[in-house]
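To convert, note that position 196 of the sequence shown is 196 in my numbering; the numbers rise steadily by one, no gaps. Structure first, commentary second.
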Amino acid sequence: MIYRRTLFLAPLALLAAPALAAPLLWVTAEVPPFVREGPQGAEGYAHELFVRVHKQAGLHGELHFYPWARAARMLLSGQAQGGLVVSRTPERERKFQWLFPVGSFRFAIFTRAGDGAMATDLAGLRERRVAVLRGSASSELLNSVGMTGIDGKDYAELLALLQRRVVDAILAPEAVMLDQLEHQKLAASSLHKTPLVQYSELYAVAGPAMPEGVRERLSAAYRQLQDGGVVHQLRRRHPHSFIDG
Numbered sequence: 001m002i003y004r005r006t007l008f009l010a011p012l013a014l015l016a017a018p019a020l021a022a023p024l025l026w027v028t029a030e031v032p033p034f035v036r037e038g039p040q041g042a043e044g045y046a047h048e049l050f051v052r053v054h055k056q057a058g059l060h061g062e063l064h065f066y067p068w069a070r071a072a073r074m075l076l077s078g079q080a081q082g083g084l085v086v087s088r089t090p091e092r093e094r095k096f097q098w099l100f101p102v103g104s105f106r107f108a109i110f111t112r113a114g115d116g117a118m119a120t121d122l123a124g125l126r127e128r129r130v131a132v133l134r135g136s137a138s139s140e141l142l143n144s145v146g147m148t149g150i151d152g153k154d155y156a157e158l159l160a161l162l163q164r165r166v167v168d169a170i171l172a173p174e175a176v177m178l179d180q181l182e183h184q185k186l187a188a189s190s191l192h193k194t195p196l197v198q199y200s201e202l203y204a205v206a207g208p209a210m211p212e213g214v215r216e217r218l219s220a221a222y223r224q225l226q227d228g229g230v231v232h233q234l235r236r237r238h239p240h241s242f243i244d245g
């Protein structure tokens, strides 16, 4: 089921530049612990930073949640102007404008605990059925070594595929899968985790529909928050959102 929630940010004219008449439309997938849909709405480090940056820039922001593949299509087609949590990969480098970092993660291979470790690197998965999030950085990483995964629309579906033995392993961000286990009240020991050396940085990005002046205001607002120590304070509250947290 596709779900949508909207977050409205009240304008706060902290910069001299005038605020836009219409709110900026942002899209994101639910990628805990970076951003998730909580009981009171969106939460997580990326969401808190999103709110602060928009206030600092004096801009309206409207955040919608979609499965990642659809969010990416909306962003690239111009239906949305910004993407909140996007992995920075070589394949995406020229598609977006990279505004400010919102997290980082290490990739990991997850298998059923009873099966034990199947591989210590991607090459060891060549004869295995591997689940990945559709259109994700994990899928791109698997493709980079000549492999094709079995797609799932979200991380809950990936876990279900593994539990039903449709696949042998999941390739995914370590922090996201551990959060998914906690969300489903499953012990971390129910899966065997093999961390990989590969990692990815997460960014808030601008799509082709975001005006250059708006991009500059958002980037400048982030730098002001960074210089003022706000970014550091937020990171300390969300240590699991960064590899070096």
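The beta carbon of each residue, even a glycine, is placed where N, CA and C say it ideally should be.
Could you name the residues of the same chain whose beta carbon sits closer than 7 Å to that of ARG215, not counting the 5 residues immediately before and after it, in chain order?
Hits under 7 Å: GLN97, LEU99, ALA206.
Is the Cβ-Cβ distance between LEU162 and MET147 less than 8 Å?
Cβ atoms of LEU162 and MET147: not closer than 8 Å.
For GLN56, collect the residues of the same chain with a Cβ closer than 7 Å to its Cβ; drop the 5 residues on either side in sequence, then sort them by chain order.
Same-chain partners within the cutoff: LEU14, ALA221, GLN224, LEU225.
Pairing CB atoms from the stretch 71-82 with CB atoms from the stretch 191-198, are three or more of them under 8 Å?
Touching, no, given that fewer than three Cβ pairs across the two stretches are closer than 8 Å.
What distance in whole Å lies between the Cβ atoms of MET177 and ALA246, which are believed to be in contact at a cut-off of 8 Å?
What is shown of the chain runs 1 to 245, which leaves residue 246 out entirely.
Buried or exposed: ASP227, going by 16 or more other Cβ atoms within 10 Å of its Cβ?
So ASP227 ends up on the exposed side.
Check this for me: beta carbons of ASP151 and ARG129, under 8 Å apart or not?
Result no, Cβ atoms of ASP151 and ARG129 do not sit closer than 8 Å.
Considering only residues of the same chain and omitting the five flanking positions on each side of VAL31, which have a CB-CB separation below 7 Å?
Excluding positions up to five away in sequence, the list reads VAL85, VAL176.
DSSP three-state label for PHE50, please.
Three-state DSSP puts PHE50 in a helix.
Which residues mark the beginning and the end of the beta strand (DSSP E) in which SER190 is found?
From DSSP, SER190 is part of no beta strand (DSSP E); its letter is neither H nor E.
In angstroms with no decimal places, state the Cα-to-Cα distance between SER144 and PRO90.
The straight-line gap from Cα to Cα measures roughly 10 Å.
Can you list, in chain order, the residues of its chain with a C-beta nearer than 6 Å to that of PRO173? Leave out the 5 residues immediately preceding and following it.
Here the set comprises PHE105.
Kindly indicate which residue of VAL35, VAL27, PRO23, LEU25 has the alpha-carbon position closest to the one of SER241.
Of the listed residues, the one whose Cα sits closest to SER241 is VAL35.
Go ahead and label GLY229 buried or exposed: buried means 16 or more other beta carbons lie within 10 angstroms of its beta carbon, across all protein chains shown.
It counts as exposed.
Who does GLN97 pair with in a DSSP beta bridge?
ALA206.
Roughly how far, in whole angstroms, is the beta-carbon of ALA156 from the beta-carbon of THR111, given that I think they are within contact range, below 8 Å?
Wrong, their Cβ atoms sit about 18 Å apart, outside the cutoff.
Which residue's Cα is closest to the Cα of LEU76: THR28, PRO39, GLN184?
For the residues THR28, PRO39, GLN184, the minimum Cα distance to LEU76 belongs to THR28.
State the DSSP-derived secondary structure class of TYR199, mapped to helix, strand or coil.
In the structure shown, TYR199 sits in a strand (DSSP, three-state: E or B).
Helix, strand or coil for SER136, going by three-state DSSP, please let me know.
Coil at SER136, not helix or strand.
What would DSSP say about GLU62, mapped onto helix, strand or coil?
The answer is strand: DSSP assigns GLU62 an E or B state.
Mind pulling the alpha helix (DSSP H) runs of 4 or more residues that sit fully within the stretch 102-146?
Those alpha helix (DSSP H) runs which fall completely within the stretch 102-146 and span 4+ residues are 137-144.
So HIS192 and ASP115 are supposed to be a Cβ contact under 8 Å. How far apart are they, rounded?
The Cβ separation is near 7 Å, so the contact holds.
What residues in its chain sit with their C-beta under 6 Å from that of VAL167, if we drop five residues either side in the sequence?
Result list for VAL167: ARG129, ALA131, ILE150, LEU161, in chain order.
Measure the C-alpha to C-alpha separation of ARG165 and PRO23 and round it to an integer number of angstroms.
In a straight line, the C-alpha of ARG165 is about 44 Å away from that of PRO23.
Tell me, to the nearest whole angstrom, how far the beta carbon of LEU171 is from that of LEU202; I am working on the premise that it is less than 8 Å.
That belief does not hold up - the Cβ atoms of LEU171 and LEU202 are roughly 17 Å apart, past 8 Å.
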